[in-house]
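A short write-up of the structure that comes next.
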Amino acid sequence: MSKSFEIAVIVGSLRKESINRKVANALTELAPDSLSFREVEIGSLPFYNPDLDGDDAPKEWSEFRECMKSVDGVLFVTPEYNRSVPAALKNALDVGSRPAGESVWDGKPAGVVSGSLGGIGGFGANHHLRQSLVFLNMPAMQQPEAYIGSFGDLFDEQGVLTNDGTRDFLKKFASAFADWVALHAKG
Ligand code: FNR
């Protein structure tokens, strides 16, 4: 039996009806069986403040760090806010990166997907995120790149992906990501 890997899905949008979450759900459904997924919630993480860190760190930070330490890889699916990543996502990266020397991200393989109502597909957010991942020492899959543009029309009212071209693309992306995780996961 081939090895299986647990992947944390981090959605950059906190919105209940987030289209990026629909993209993430479609990706997890299309992915090979070697990957299992769990969405890790980032909306309740207090803003990172070094003064609050240490033995009495907020329990949301400790729980998030424990959870992220236990996974083999991370799939980021994010909107673009003002040509960058939403603050909630950047905050999650910062929380997970500390205390210094104990980063939960170190060496974990990552996939990056950005989605937007606009035609550029969140390119700016995608690449700002990649800039942080370089410093966090996360091997981020380079190809295929995933900029899901004009995504308002891709799903029906039940959140089901109805666009065949996007489904084919997401399937290819998920398959490449499974290979990437198998190559880079530490466990
Ligand atoms: C946006 N949006 C947006 N879109 C884009 O393509 N480039 C951008 O820079 C921005 N900036 C931006 C800032 C803020 C504060 C908001 C709330 C929105 C629009 C964005 O793509 C759209 O709201 C998506 O639907 C957000 O993704 P979710 O929440 O549906 O996953």
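For any residue, its number in my numbering is found by taking its place in the sequence shown, counting from 1, and adding 11. Note that the Cβ used here is the ideal one computed from N, Cα and C, for glycine as well. Predicted model, so just to flag it, every value in this text is computed and none were measured.
The continuous stretches of alpha helix (DSSP H) do not include ARG94, and DSSP gives it neither H nor E. With respect to the C-alpha of SER127, the residue from ASP44, PHE180 and ARG32 having the closest C-alpha is ARG32.
Ranking TYR158, SER29, PRO120 and LEU144 by CA distance to the CA of ALA103 puts LEU144 first.
Counting of Cβ neighbours within 10 angstroms places ALA111 among the exposed residues, the total staying below 16. If only complete runs of 3 or more residues are kept, the region 54-132 shows the beta strand (DSSP E) at 84-89 and 121-126, in order along the chain. About 6 angstroms separates the beta carbons of SER15 and SER47, which is inside the 8 angstroms limit, making them a contact pair.
Of the candidates ALA157, ASP175, GLN142 and GLU156, the residue whose Cα lies closest to the Cα of LEU165 is ASP175.
A distance criterion of 7 angstroms places the beta-carbon of ASN93 in contact range of ligand 1, judged by its closest non-hydrogen atom. The Cβ-Cβ distance between ARG94 and VAL123 does not fall below 8 angstroms. Assigned with DSSP and collapsed to three states, LEU25 falls in coil, not helix or strand. A buried status is given to GLY84, since no fewer than 16 other beta-carbon atoms sit within 10 Å of its beta-carbon. The closest heavy atom of ligand 1 lies 7 angstroms or more from the beta carbon of GLY170. Non-local beta-carbon contacts of ASP105 in its own chain, meaning distances under 8 angstroms to residues more than five positions away in sequence, involve TYR59 in chain order.
Excluding its 5 nearest sequence neighbours in each direction, GLU113 has no C-beta neighbour in its own chain below 6 angstroms. Remark: the C-beta of SER186 is outside contact range of ligand 1, defined as less than 7 angstroms to any heavy atom. With a threshold of 7 angstroms, the Cβ atom of LEU38 does not count as near ligand 1, since no heavy atom of the ligand is closer than that. LEU165 has its CB no nearer than 7 angstroms to any heavy atom of ligand 1. Nearest to ALA189 by alpha-carbon distance, out of LEU38, VAL34, GLU28 and VAL22, is LEU38. In this structure PHE87 is buried. Its beta-carbon is surrounded by 16 or more other beta-carbon atoms within 10 angstroms. For SER47, no alpha helix (DSSP H) segment is defined; the enclosing uninterrupted segment is the beta strand (DSSP E) at 46-50.
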